[in-house]
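>
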Amino acid sequence: MLCMGFIPPNQVHLAVHYGVKASVAESSIAEAYAAVARDAGRVLDVHVKVGDCSPALESTLTH
Amino acid sequence: MGRFGVSLDDAANLAKYVTDTPELAMEGMYTHFSAADDDDMLYHVEHQVQNLDSVVESTRAQGIKVPMVHCANSAATMRGTQFHRDMVRVGISLYVWLCNLARHSPALTYSVVQVRPATRHWRCCSARGLPPSAVMAHPSRASEASAQGAQRGVWQHIHGRARRELCSGAYWIW
Chain A
15 MLCMGFIPPN QVHLAVHYGV KASVAESSIA EAYAAVARDA GRVLDVHVKV GDCSPALEST
75 LTH
Chain B
188 MGRFGVSLDD AANLAKYVTD TPELAMEGMY THFSAADDDD MLYHVEHQVQ NLDSVVESTR
248 AQGIKVPMVH CANSAATMRG TQFHRDMVRV GISLYVWLCN LARHSPALTY SVVQVRPATR
308 HWRCCSARGL PPSAVMAHPS RASEASAQGA QRGVWQHIHG RARRELCSGA YWIW
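For the record, the sequence lines run as chains A and B. Everything in the first sequence is counted per my numbering, starting at 15 for the first residue and increasing by one. Everything in the second sequence is counted per my numbering, starting at 188 for the first residue and increasing by one.
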């Protein structure tokens with residue numbers, strides 16, 4: 015099961031515990047996830063989310 | 188980083204970091220379409236796929252394994268195999284929702300597929316707090332007063348509705 019939404023680092027231990035795969039889009043978040051997985055002695059499967067790189071569209075959808 | 192994912196320039200670096208980190212396992216790369224069911228936005232969908240393919244190719248060229256690539260949501264899945272890659276993510280169409288693409292494209296043919304839920308019970312491992320205003324989207328629960336009551340009401344509403352309509356195969360829009 016892949017969680018495509020953002021998982022806050024303070025909740026990613028649940029994903030690690032239940033074997034839910036996480037998506038990452040930022041290295042700092044990946045680092046936080048890795049720290050949690052390390053503490054749990056587990057490996058977290060991740061999918062790298064690539065943005066559409068369209069600032070105009072992102073701005074449109076944000077508002 | 189973009190709001191909806193890592194930038195094209197940084198994607199390979201992020202993939203390398205994941206690959207080099209023992210506690211993380213690189214399982215795939217993906218993107219998500221914001222408006223794949225909108226014919227007016229098709230050019231953007233195609234451009235986004237090209238960008239994803241380009242990133243995956245450059246990442247693999249650096250010796251980084253990318254086991255799985257995916258991008259197609261319900262609408263892109265219906266548009267055709269040019270968007271499918273290694274897997275598709277049919278979400279809302281599982282609830283018998285025919286996207287705008289299917290509604291407004293007479294040439295598009297589709298068949299009715301009988302589905303049944305793979306699971307009947309879900310174990311809740313996390314819940315987010317909802318503001319009292321959130322319950323206003325659900326008139327039947329609008330009388331719930333407290334935030335806690337609202338959250339419980341919405342959850343029961345979702346669970347009951349999903350269970351009832353998945354089993355009946357009824358039309359469901361959430």
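C-beta: ideal position from N, C-alpha, C; glycine also.
1) Taking 8 angstroms as the limit between beta carbons, can you name the residues of its chain near residue 195 of chain B, skipping five residues before and five after?
2) Quick one: residues in its chain with C-beta nearer than 8 angstroms to the C-beta of residue 202 of chain B, no 5 flanking neighbours on either side, listed in chain order?
3) Using a Cβ-Cβ cut-off of less than 9 angstroms, give me the residues of the stretch 208 to 227 of chain B that come near chain A, in sequence order.
4) What does residue 51 of chain A touch in chain B if you count any residue whose Cβ is under 8 angstroms from its own?
5) How many Å lie between residue 278 of chain B and residue 263 of chain B at the Cα?
6) Reducing DSSP to helix, strand and coil, say where residue 40 of chain A ends up.
7) Could you give the C-beta distance for residue 60 of chain A and residue 41 of chain A, rounded to a whole number, given that I count them as a contact under 8 angstroms?
8) Could you give the first and the last residue of the continuous alpha helix (DSSP H) run that contains residue 281 of chain B?
9) Just confirm the distance between the C-beta atoms of residue 51 of chain A and residue 30 of chain A, as a whole number of angstroms; I'd bet it's less than 8 angstroms.
10) Checking contacts by CB at 8 angstroms: is residue 65 of chain A closer than that to chain B?
A quick look at the data gives this:
1) 238, 241, 242
2) These residues qualify, in order along the chain: 213, 216, 246, 251, 253.
3) Of all residues in the stretch 208 to 227 of chain B, only 208, 209, 210, 211, 212, 213, 214, 215, 216, 217, 218, 219, 220, 221, 222 come within less than 9 angstroms of chain A when Cβ atoms are compared, listed by chain position.
4) Within chain B, the C-beta atoms nearer than 8 angstroms to that of residue 51 of chain A come from 210, 211, in chain order.
5) 11 angstroms
6) coil
7) Actually they are not in contact, since the Cβ atoms of residue 60 of chain A and residue 41 of chain A sit about 12 angstroms apart, beyond 8 angstroms.
8) It is not in any alpha helix (DSSP H) - residue 281 of chain B carries neither H nor E in the DSSP assignment.
9) 5 angstroms
10) yes
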